[in-house]
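Novice: Per UniProt numbering, residue 1 is the first one in the sequence shown, and the count goes up by one each step.
Cβ atoms here follow ideal geometry from the backbone N, Cα and C, with glycine treated the same way.
These numbers were taken from a predicted model, which means no experiment stands behind them.
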Amino acid sequence: MITTEQIQDLLGSGGTVVGGEGDKIGKIGQVYMDDETGKPEWVTVKTGMFGGAETFVPLAEGTVEGDTIRVPYDKDKVKNAPRMDDSEGHLSKDQEADLYEYYGLAYSERTSDSGLPAGGAPQHGKEKRPDRAGESGVQGRDTSGPTTDDSMTRSEEELRVGTEKVESGKARLRKYVVTENVSKTVPVSHEEVHVEREPITDANRGAATSGPDISEEEHEVTLHAERPVVEKETVPVERVRLGTETVTENQEVNEEVRKEQIDTDAGTDTARGEEGRKH
Numbered sequence: 001m002i003t004t005e006q007i008q009d010l011l012g013s014g015g016t017v018v019g020g021e022g023d024k025i026g027k028i029g030q031v032y033m034d035d036e037t038g039k040p041e042w043v044t045v046k047t048g049m050f051g052g053a054e055t056f057v058p059l060a061e062g063t064v065e066g067d068t069i070r071v072p073y074d075k076d077k078v079k080n081a082p083r084m085d086d087s088e089g090h091l092s093k094d095q096e097a098d099l100y101e102y103y104g105l106a107y108s109e110r111t112s113d114s115g116l117p118a119g120g121a122p123q124h125g126k127e128k129r130p131d132r133a134g135e136s137g138v139q140g141r142d143t144s145g146p147t148t149d150d151s152m153t154r155s156e157e158e159l160r161v162g163t164e165k166v167e168s169g170k171a172r173l174r175k176y177v178v179t180e181n182v183s184k185t186v187p188v189s190h191e192e193v194h195v196e197r198e199p200i201t202d203a204n205r206g207a208a209t210s211g212p213d214i215s216e217e218e219h220e221v222t223l224h225a226e227r228p229v230v231e232k233e234t235v236p237v238e239r240v241r242l243g244t245e246t247v248t249e250n251q252e253v254n255e256e257v258r259k260e261q262i263d264t265d266a267g268t269d270t271a272r273g274e275e276g277r278k279h
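#1: Nearest CA to the CA of residue 99: which residue from 209, 39, 81?
#2: Looking only at C-alpha atoms, which of 221, 217, 55 sits nearest to residue 79?
#3: Run through DSSP, which three-state label would residue 287 get?
#4: Is the beta carbon of residue 7 sitting closer than 7 Å to the one on residue 45?
#5: Using a Cβ distance threshold of 8 Å, determine whether the region 59-73 contacts the region 25-42, with at least three qualifying pairs required.
#6: Short of 7 Å in beta carbon distance, which residues of its chain neighbour residue 255, apart from the five on each side in sequence? Order them along the chain.
#7: Helix, strand or coil, according to DSSP, for residue 70 in the structure here?
#8: Nearest by alpha-carbon distance to residue 38: which of 154, 12, 18, 2 is it?
#9: Does the pairing of the region 190-197 with the region 221-228 give three or more beta-carbon distances under 8 Å?
#10: Does the Cβ-Cβ distance between residue 28 and residue 10 come in under 7 Å?
#11: For residue 95, which three-state DSSP category applies?
#12: Do you know how far the Cα of residue 19 is from the Cα of residue 134?
#13: Looking at C-beta atoms only, is the number of pairs between the region 210-219 and the region 167-180 that lie closer than 8 Å three or more?
#14: Report the option in 36, 70, 34, 253 whose CA atom is closest to the CA atom of residue 163.
#15: How long is the line joining the alpha carbons of residue 263 and residue 95, rounded to whole angstroms?
#16: Within a Cβ cutoff of 7 Å, which residues of the same chain sit near residue 15, ignoring the five residues on either side of it in sequence?
#17: Give the DSSP bridge partners of residue 46, in chain order.
#18: What are the residues that DSSP puts in a beta bridge with residue 225?
#19: Roughly how many whole angstroms lie between the Cα atoms of residue 172 and residue 232?
#20: Which of the three DSSP states, helix, strand or coil, is assigned to residue 16?
#21: Go ahead and pull the three-state DSSP assignment for residue 32.
#22: So for residue 78, helix, strand or coil by DSSP?
#23: Just mark residue 73 as buried or exposed, buried being the case when its beta carbon has 16 or more other beta carbons within 10 Å.
Right, dumping it as structure tokens:
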């Protein structure tokens, strides 16, 4: 429920009206109060070229958020609302009925006129609603309905906080090939030539003197050596998979809630009567 104090602040700061999705509809023009309750009921929005045209928007389902009034209608809906002659600073019941019908609201629950823009000029030609408290089937003056009794229900919003699971991101397991140098030391051997001399003995004399006494001779020896040989083999070393774990953390949530407040507005006669009963 939008209060008069909030409206005065918005008019002083030059607030705006936005739709349900937060899209800007236009600047706040004037605010019209209910004749009986004195509560804000209508706001005019400047939607024309350079704000030259103003259309009426109901505040029944509106909320104040900072310097904006949020209403559950888009800009086209508000811009195409019926134009009303408010030159006298007042809306009649017929005008209100047409506007409520256009916005799809039940007018049967709101039978009083609206007028005198908040902070605006004095009203002219204001229609009066007769006191129906004594009529059959109607009790009291509670504006929440035409047939309420002398008590009213106070309601307030409660903040209910829960959680829902949403997709926050994706993780992929990707394999790629990299090349690196590996160094290993391998022992290798080779043959070398050296001259071995042995004296002539009875055991080798026959082999040593089998040839000519004096001659030239050549003898060849084949040398051998080891060299490193590289061979690569692909072997599995490990298995890798993606797993998830749930981590719980505390997150603070802030939201505005509305609540109704009830106070009394006793007239002079009532106050005097109560004072007389005290003596």
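Specialist: By the coordinates alone:
#1: Of 209, 39, 81, the residue nearest in Cα terms is 81.
#2: Between residue 79 and the set 221, 217, 55, the nearest pair of CA atoms involves 55.
#3: Beyond the ends of the chain as shown, which are 1 and 279, falls residue 287; an answer cannot be given.
#4: Taking 7 Å as the Cβ cut-off, residue 7 and residue 45 do not qualify as a contacting pair.
#5: The region 59-73 makes contact with the region 25-42; the number of CB pairs closer than 8 Å reaches 3 or more.
#6: These residues qualify, in order along the chain: 159.
#7: Residue state, collapsed to three classes: strand.
#8: Checking every option, the nearest Cα to that of residue 38 belongs to 2.
#9: Yes, the region 190-197 touches the region 221-228.
#10: In contact: residue 28 and residue 10 (Cβ atoms closer than 7 Å).
#11: DSSP, read as helix, strand or coil, puts residue 95 in helix.
#12: Below a pLDDT of 50, predicted positions are generally treated as unreliable, and residue 134, at 38, falls in that range; no measurement from the model is reported.
#13: The region 167-180 and the region 210-219 do not touch, with fewer than three beta-carbon pairs separated by less than 8 Å.
#14: Comparing Cα positions, the closest option is 253.
#15: Spanning the alpha carbons of residue 263 and residue 95 requires a straight line of approximately 31 Å.
#16: Counting only Cβ-Cβ distances below 7 Å, and skipping sequence neighbours, we find 28, 67, 68, 69.
#17: According to DSSP, which records beta bridges pairwise, residue 46 is partnered with 27, 54.
#18: 190, per the DSSP bridge assignment.
#19: C-alpha separation (whole angstroms): 30 Å.
#20: Reduced to three states, the DSSP call for residue 16 is strand.
#21: The answer is strand: DSSP assigns residue 32 an E or B state.
#22: Residue 78 falls in the helix class under three-state DSSP.
#23: For residue 73, the number of other beta carbons within 10 angstroms of its own is at least 16, and it is reported as buried.
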